[in-house]
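Residue numbers (the working numbering), protein chains in the order written: chain A, 21 to 328; chain B, 8 to 93.
Here the structure is laid out as structure tokens; the discussion comes afterwards.
This is how it looks when you write it as structure tokens:
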């Protein structure tokens, strides 16, 4: 598109990227707001643990993310791993718990198990009341082949030296989508690597213990650590970077995720086709933890904003 | 169940269907395993699962790279699955 001489009546919602060309002039824009989207920075989670080093938001019940076990929702973020092959344990990527609560206080969490090369999800209201499932990346056979292909990690593990299929600046978009059932069965949950589904989860019917009975209390939501006492499991080696965290009050579809992935270039999530109806939290991490949608995040200690 | 630390060479001879948990050491020379099989050629044996867990906290430099350890719940959740031979 060389020249756009006139846009009338219709609302031009977004221009995500102009590369290699100069915009020489905008002659006349009448009565409209221009919002330019830039994405130069992200947030790096300190390797040091505890709330004093955490990235988190304390929800005060205005965000609409107080989901329970039979709510549908989706969580998506860009991640650039900083951990190395010596991690050999879990790193928590996203975690939410009732405000002030422990691990069993209506927790939802996503973590990568470096010892086994698995991306896990779990929600729980007690040690004996939980739902769990995972996807693994290194087995190029049977039901595991889609995850192998989507991640592009080969037969080894995900880390800073092997980031697999990535978008701009070596970031991967991870998106988890849950349906309305209180079930981690494959039929109720989806996980995406960039814009591609990871396919069938390991436990076809979910790994179920008891029956979680979660409430709709306010949440404390942590990025890059667990969300309860200790606030641990933040990786090793170098800081892992996160960007563009979004929380959606629906189970996003594959086409929704493709739109969010945008070929690897982050979009302004407020321009996403599902945003008006379902986007409840959005943090861009350009200059601080200010929320574009939702409530502001705190970025503590040595966790900080860095260039992507 | 039996709780062992074994050398990598011993791992190859174990019956994988009997194993419920396994983690390699960071240098990949040893493994901690939980198995129903009785193994004689071990580097260490733990009487209970919680002692295996405690061992990883006190010897984390060999097993866990972030200075923590392997909790009982992590052992339970990260079950060994021979099908994908983690």
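Ideal placement from N, C-alpha and C gives every residue a C-beta, glycine not left out.
Mind reading off the beta-carbon distance from residue 375 of chain A to residue 256 of chain A? Whole number of angstroms is fine, and I expect it under 8 Å. Residue 375 of chain A lies beyond the residue range present for chain A, which begins at 21 and ends at 328; the question has no answer from this structure.
For residue 79 of chain B, report the span of its alpha helix (DSSP H) as first-last. Annotation for residue 79 of chain B: the continuous alpha helix (DSSP H) segment containing it runs 79-84.
When the Cα of residue 91 of chain A is compared with those of A:236, A:264, A:250, which residue comes out closest? The residue with the shortest Cα to Cα distance from residue 91 of chain A is A:236.
Cut-off 8 Å between Cβ atoms - residues of its own chain near residue 293 of chain A, not counting five sequence neighbours on either side: Cβ neighbours of residue 293 of chain A beyond the five flanking positions: 276, 279.
In terms of DSSP beta bridges, what is residue 319 of chain A paired with? DSSP, once it has assigned bridges, lists A:75 as partnering residue 319 of chain A.
Contact under 9 Å by Cβ, residue 335 of chain A with residue 94 of chain A: Outside the modelled stretch of chain A, which goes from 21 to 328, sits residue 335 of chain A, for which no answer is possible.
Positions along the segment 63-78 of chain B whose CB lies within less than 7 Å of some CB in chain A: For the segment 63-78 of chain B, the set of residues with a beta-carbon nearer than 7 Å to any beta-carbon of chain A comprises 70, 71, 72, 73, 75, 77, in chain order.
Can you grab the Cα-Cα spacing for the pair residue 127 of chain A / residue 144 of chain A, in whole Å? Cα to Cα, the separation comes out at about 5 Å.
Which first and last residues belong to the beta strand (DSSP E) in which residue 158 of chain A is found? Unbroken run through residue 158 of chain A: none, as it is neither H nor E.
So what's residue 282 of chain A in DSSP terms, helix, strand or just coil? In the structure shown, residue 282 of chain A sits in a helix (DSSP, three-state: H, G or I).
Exposed or buried, which one is residue 19 of chain B when buried takes at least 16 other CB atoms within 10 Å? Looking at its Cβ environment, which holds fewer than 16 other Cβ atoms inside 10 Å, residue 19 of chain B is exposed.
Measure the CB-CB distance between residue 212 of chain A and residue 170 of chain A and report whether it falls below 9 Å. Their beta carbons are under 9 Å apart, which means residue 212 of chain A touches residue 170 of chain A by this criterion.
Residues bridged to residue 112 of chain A (per DSSP): Per the DSSP secondary-structure output, residue 112 of chain A pairs in a beta bridge with A:131.
Considering just the uninterrupted stretch of the alpha helix (DSSP H) at residue 69 of chain B, what are its terminal residues? Taken as a continuous stretch (DSSP letters only), the alpha helix (DSSP H) holding residue 69 of chain B covers 67-70.
Going by alpha carbons, who is nearest to residue 80 of chain A out of A:228, A:323, A:301? Checking every option, the nearest Cα to that of residue 80 of chain A belongs to A:301.
Which same chain residues end up closer than 8 Å to residue 323 of chain A when comparing Cβ atoms and leaving out the 5 residues on each side of it in sequence? Listed in chain order, the non-local C-beta contacts of residue 323 of chain A below 8 Å within the same chain comprise 63, 64, 65, 66, 73, 74, 75, 244, 259, local neighbours out to five positions each way being set aside.
Three-state secondary structure (DSSP) at residue 21 of chain A? Its pLDDT being 48, under 50, residue 21 of chain A is placed unreliably by the model, and nothing is read from it.
Could you tell me the alpha carbon to alpha carbon distance between residue 147 of chain A and residue 192 of chain A, rounded to whole angstroms? Answer to the nearest angstrom: the Cα atoms are 31 Å apart.
Determine the direct distance from the alpha carbon of residue 29 of chain B to that of residue 159 of chain B, and round the result to whole angstroms. The displayed coordinates of chain B run from 8 to 93. Any statement about residue 159 of chain B would go beyond what the structure contains.
Can you pull the chain B neighbours of residue 107 of chain A, defined as C-beta to C-beta under 7 Å? In chain order: 72, 73.
Do you know how far the Cα of residue 132 of chain A is from the Cα of residue 58 of chain A? Here the C-alpha atom of residue 58 of chain A lies approximately 29 Å from the C-alpha atom of residue 132 of chain A.
If I measure Cβ to Cβ from residue 50 of chain B and keep anything under 7 Å in the same chain, skipping five residues before and after, which residues do I get? The beta carbon of residue 50 of chain B lies closer than 7 Å to those of 12, 13, 14, 37 in the same chain, with the five residues before and after it left out.
Once you ignore the five residues that flank residue 87 of chain B on each side, which residues in its own chain have a CB closer than 7 Å to its CB? Cβ neighbours of residue 87 of chain B beyond the five flanking positions: 26, 27, 28, 29, 93.
Provide the residue(s) that pair with residue 164 of chain A in DSSP beta bridges, ordered along the chain. Residue 164 of chain A is not bridged by DSSP to any residue.
Can you tell me which residues form a DSSP beta bridge with residue 313 of chain A? Answer is A:302.
Listed in chain order, which residues of the segment 111-144 of chain A have Cβ atoms closer than 9 Å to some Cβ of chain B? So the close ones are 111, 123, 133, 134, 135, 136, 137, 138, 140, 142.
Here's the rule I'm using: 16 or more other beta-carbon atoms within 10 Å means buried, otherwise exposed. How should residue 225 of chain A be labelled? Around the C-beta of residue 225 of chain A, fewer than 16 other C-beta atoms lie within 10 Å, and the residue is accordingly described as exposed.
Run down chain B in chain order and give the residues with a C-beta less than 7 Å from the C-beta of residue 159 of chain A. Contact of residue 159 of chain A with chain B by beta-carbon distance below 7 Å involves 91.
Going by Cα to Cα distance, which pick from A:207, A:150, A:262 is closest to residue 232 of chain A? Out of A:207, A:150, A:262, A:150 has the C-alpha closest to the C-alpha of residue 232 of chain A.
Compare the C-alpha of residue 42 of chain B against each of B:35, B:33, B:54 and name the closest. The option with the nearest alpha carbon to residue 42 of chain B is B:54.
How many angstroms separate the CA atom of residue 304 of chain A from the CA atom of residue 48 of chain B? Their backbone Cα atoms lie some 54 Å apart in a straight line.
One or two residues paired with residue 14 of chain B in a DSSP bridge: Under DSSP, the beta-bridge partners assigned to residue 14 of chain B are B:37.
Do residue 285 of chain A and residue 187 of chain A count as a contact pair if the criterion is CB distance below 9 Å? Cβ atoms of residue 187 of chain A and residue 285 of chain A: closer than 9 Å.
Nonlocal neighbours in the same chain, by C-beta distance under 7 Å from residue 62 of chain B, ignoring five residues either side: Hits under 7 Å: 53.
In three-state terms, what does DSSP make of residue 229 of chain A? DSSP places residue 229 of chain A in strand when its eight states are reduced to three.
Per DSSP, residue 93 of chain A forms a beta bridge with which residues? BP columns for residue 93 of chain A point to A:198.
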